[in-house]
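From first to last, the protein sequence lines stand for chains L and V. Residue numbering for the first sequence follows this note's numbering, starting at 141 and increasing by one per position. Residue numbering for the second sequence follows this note's numbering, starting at 141 and increasing by one per position. C-beta atoms are modelled at their ideal positions from N, C-alpha and C, and glycine is treated no differently. Everything numeric in this text was worked out from a predicted model, so none of it was measured.
Number of protein chains: 2
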Amino acid sequence: MLSEFSLIDRFFARRAANLRSSKVTGSALGIGDDCALLAPRPGEMLAISTDMLVEGRHFFADVDPEALGHKALAVNLSDLAAMGAQPQAFTLAFSLPKADEPWLAAFSNGLFALAERHDCELIGGDTTGGPLNLCLTVFGSVPPHAALRRDAARPGDDIWISGTLGDARAGLGVQRGEWTAHASDAATFRHALERPEPRVALGLALRGIAHAALDLSDGLAGDLMHILERSSMRASVDVDAVPRSDALRRLAPEIQRRCTLAGGDDYELCFTAPATARAAVEAAAQKAAVPVTRIGTISALDATTDRPAIAWRNAAGAPLTLTLQGFDHFHAE
Amino acid sequence: MLSEFSLIDRFFARRAANLRSSKVTGSALGIGDDCALLAPRPGEMLAISTDMLVEGRHFFADVDPEALGHKALAVNLSDLAAMGAQPQAFTLAFSLPKADEPWLAAFSNGLFALAERHDCELIGGDTTGGPLNLCLTVFGSVPPHAALRRDAARPGDDIWISGTLGDARAGLGVQRGEWTAHASDAATFRHALERPEPRVALGLALRGIAHAALDLSDGLAGDLMHILERSSMRASVDVDAVPRSDALRRLAPEIQRRCTLAGGDDYELCFTAPATARAAVEAAAQKAAVPVTRIGTISALDATTDRPAIAWRNAAGAPLTLTLQGFDHFHAE
């Protein structure tokens with residue numbers, strides 16, 4: 141059994157130090173003191189987000205630990221991407237039932253591979269015994285007026301989605317036995333579930349172009365409502381325009397709809413931008429090498445439609461009545 | 141059963157908003173967006189620390205939830221105090237087996253009562269179902285050159301302790317049935333265990349006076365070694381000088397020694413300062429209204445004593461051989 145300090149040192153502190161020494165600008169003080177010291181870039185602010193991942197809820201006990209290391213950081217970097225922030229650093233606190241060395245080695249490999257790609261330094265943490273639980277807090281730098289907020293949607297804005305939606309939820313359904321898929325499609329779904337790619341480059345490229353943005357973690361239907369509520373707007377969305385993979389298209393239409401609109405775990409960006417910025421959005425997407433798709437429009441509240449809401453329609457423009465609920469962590473799904 | 145969003149809103153977001161509106165300077169964006177935005181004071185850096193608290197290890201299942209709310213933030217503010225940082229904000233992520241409203245109300249009362257005393261804003265968080273686990277990350281502001289680091293102890297420095305040590309460990313022993321105490325002493329111990337007071341004012345007052353500092357969470361013997369290892373120094377400590385409460389003095393001498401030197405959960409500051417600064421240290425302690433006690437001295441490594449170590453002695457100066465181990469979260473105690 142490793143002691144706390146040798147465990148941190150072996151799997152995390154040394155690699156964190158290597159990453160730090162490779163950075164042009166880093167923290168002034170990292171792992172090993174009471175606090176880390178960090179500053180945003182001059183004139184900018186720190187964007188901060190925290191996420192907790194629990195076994196049995198966010199991942200299965202038999203998850204590939206390398207994939208878990210990737211995903212734990214990816215879902216946090218996705219929050220930075222949704223603010224248009226440049227990743228700088230993160231802290232990692234976790235409880236583990238036992239100090240399982242091969243598990244920790246694989247977990248830290250997955251974690252640091254992604255951290256190194258984004259030049260994101262591990263600056264502190266905490267480890268303790270207990271049921272498996274991971275808590276990461278990430279720090280990015282963003283000019284305050286360029287931050288992509290949830291409350292900034294404006295009437296006439298297009299609604300955009302990056303990548304495709306629904307594959308992660310399709311993968312969960314395969315794992316749960318809710319539906320089946322061909323082996324290669326199941327592998328596609330599983331990859332989406334385990335290896336989400338945070339859209340950091342797209343978030344940065346959308347600074348000054350997008351109005352509102354967030355990342356899709358709980359499903360489009362629920363997450364888009366957060367933009368609408370905070371912006372006091374309504375949305376019209378073409379459910380047939382919501383981008384999906386070829387693999388997902390091979391599942392039944394009602395499963396496709398459920399997965400794309402209420403699936404969760406997508407970690408794609410949903411953002412709004414004025415119609416005049418379409419070329420700029422496309423250029424930003426090209427620069428970030430991520431496809432983007434327009435799925436609807438934002439409109440103002442008026443006397444007859446005074447509450448934020450989503451009007452769903454199909455490609456022909458016919459209205460649809462959908463009862464969809466985002467993934468709510470205190471509800472059994 | 142509360143949904144995640146109404147739960148956050150009812151117990152945390154509204155009160156966080158009240159606290160925020162009362163602050164002269166606050167975050168630019170708090171709960172409800174993908175990230176919070178925070179900046180240190182001009183010319184300063186953010187001091188950042190994270191701690192995870194797990195049921196059965198850091199607290200008992202039947203803990204008073206108000207006390208737990210206090211302690212969860214207190215142990216994190218204690219890390220800021222140990223850096224000489226001014227608290228600014230914190231994030232809170234937690235997993236809960238069920239959304240127990242009275243429990244959450246009491247927990248949030250304990251949490252915010254301390255947060256409001258330190259003008260420390262809740263800027264974000266995450267809630268999920270799962271075994272009870274609390275992860276807080278705190279943010280303070282400190283001029284980088286005034287930060288009290290662990291690697292700054294110098295030969296000839298006095299070693300100082302704030303408050304008294306050992307009461308929290310004595311309280312744990314009473315709860316575990318390791319020893320007994322009179323009812324009023326047991327209440328004193330329990331208060332120390334459940335309601336540690338972060339020494340924020342003392343940490344601020346020691347800027348520019350103390351050399352090295354840390355907060356005592358795992359026991360003096362283990363924690364002082366962190367200063368010695370990072371500073372490449374040795375220490376001589378008078379075990380009889382280590383301050384203790386009258387209540388602790390009524391337990392057996394060997395229990396007193398175990399609790400004061402290897403107890404853990406004290407959340408007092410241990411710091412070093414040059415002998416020429418004794419009057420300044422006393423003045424800082426008076427300003428912060430916290431007693432401080434000199435317990436030993438720092439010395440350089442030399443050819444015959446080339447490893448960081450603590451030489452324990454009694455009040456008469458006689459050397460003692462102690463086998464003490466700090467509280468290590470991956471060892472059964």
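Those residues which DSSP pairs with residue i across a bridge
i: Trp452/V; result: Val377/V, Leu460/V
i: Glu318/L; result: Answer is none; Glu318/L lacks a bridge partner.
i: Ile299/V; result: Thr412/V, Gly436/V
i: Gly265/L; result: Leu232/L
i: Gln226/V; result: Ser281/V
i: Arg289/L; result: Ala352/L
i: Ile188/V; result: Ala176/L, Phe279/V
i: Phe199/L; result: Glu195/L
Opening and closing residue of the beta strand (DSSP E) in which residue i lies
i: Glu195/V; result: Counting along the chain, Glu195/V falls outside any beta strand (DSSP E), and DSSP gives it neither H nor E.
i: Val282/V; result: 273-282
i: Ala326/V; result: From DSSP, Ala326/V is part of no beta strand (DSSP E) but of the alpha helix (DSSP H) over 323-334.
i: Ala176/L; result: 176-178
Exposure label - residue i; buried when at least 16 CB within 10 Å
i: Ala458/L; result: exposed
i: Pro393/V; result: exposed
i: Asn454/L; result: exposed
i: Asp442/L; result: exposed
i: Arg258/V; result: According to the sequence shown, residue 258/V is His rather than Arg. Buried, because 16 or more other Cβ atoms sit within 10 Å of the Cβ of His258/V.
i: Asp88/L; result: Limits of chain L in this structure are 141 at one end and 473 at the other, which puts residue 88/L out of reach.
i: Arg398/L; result: buried
i: Pro295/L; result: exposed
i: Val164/V; result: With a pLDDT of only 45 at Val164/V, under 50, the local geometry of the prediction cannot be trusted, and the value read off the model is given with reservation. With fewer than 16 Cβ atoms within 10 Å of its Cβ, Val164/V is classed as exposed.
i: Trp319/L; result: exposed
i: Leu460/L; result: exposed
i: His322/V; result: exposed
i: Glu408/L; result: buried
Residue i at chain V interface by Cβ criterion, 8 angstroms
i: Val432/L; result: no
i: Cys275/L; result: yes
i: Arg370/L; result: yes
i: Ser235/L; result: yes
i: Pro283/L; result: no
i: Leu360/L; result: no
i: Arg197/L; result: yes
i: Ala187/L; result: yes
i: Pro271/L; result: yes
Residues near residue i in its chain [Cβ-Cβ closer than 7 angstroms; skip 5 each side]
i: Thr328/V; result: Asp307, Ser385, Ala387
i: Ala332/V; result: Asp307, Ala308, Gly311
i: Leu354/L; result: Ala222, Arg290, Asp363, His366, Ile367, Cys410
i: Ser372/V; result: Leu441, Pro448
i: Leu391/V; result: Ala310, Trp319, Ala321
Same chain only: Cβ atoms within 8 angstroms of residue i, ignoring 5 sequence neighbours per side
i: Ala413/V; result: Asp297, Asp298, Trp300, Leu346, Ile349, Ala350, His351, Ala420, Val421
i: Gln396/L; result: Gly306, Arg384, Leu388, Arg389
i: Ala451/L; result: Arg374, Ala375, Ser376, Val377, Pro459
Same chain only: Cβ atoms within 6 angstroms of residue i, ignoring 5 sequence neighbours per side
i: Ala449/L; result: Arg374
i: Pro283/V; result: Glu184
i: Phe151/L; result: Leu244, Ser248
i: Pro205/L; result: Trp243, Ala246, Phe247
i: Gly313/L; result: Trp319
i: Thr444/V; result: none
i: Ala212/V; result: Leu193, Leu274, Leu276
i: Ala293/V; result: His351, Ala352, Ile367, Ser371, Met373, Thr412, Ile438
i: Ala381/V; result: Ile435
Beta carbon proximity, residue i to chain L, threshold 8 angstroms
i: Asp191/V; result: yes
i: Ala177/V; result: Inspection of the sequence shows that residue 177/V is occupied by Leu rather than by Ala. With 8 angstroms as the cut-off, Leu177/V counts as an interface residue toward chain L.
i: Ile349/V; result: no
i: Asp173/V; result: yes
i: Arg309/V; result: no
i: Leu220/V; result: yes
i: Gly209/V; result: no
i: Thr412/V; result: no
i: Thr416/V; result: no
i: Gly264/V; result: yes
i: Thr445/V; result: no
Residue range of the alpha helix (DSSP H) that includes residue i
i: Ala423/L; result: 418-428
i: Ala341/L; result: 340-345
i: Leu254/V; result: 241-257
i: Asp363/V; result: 360-371
i: Pro393/V; result: 393-402
i: Ala387/L; result: 386-389
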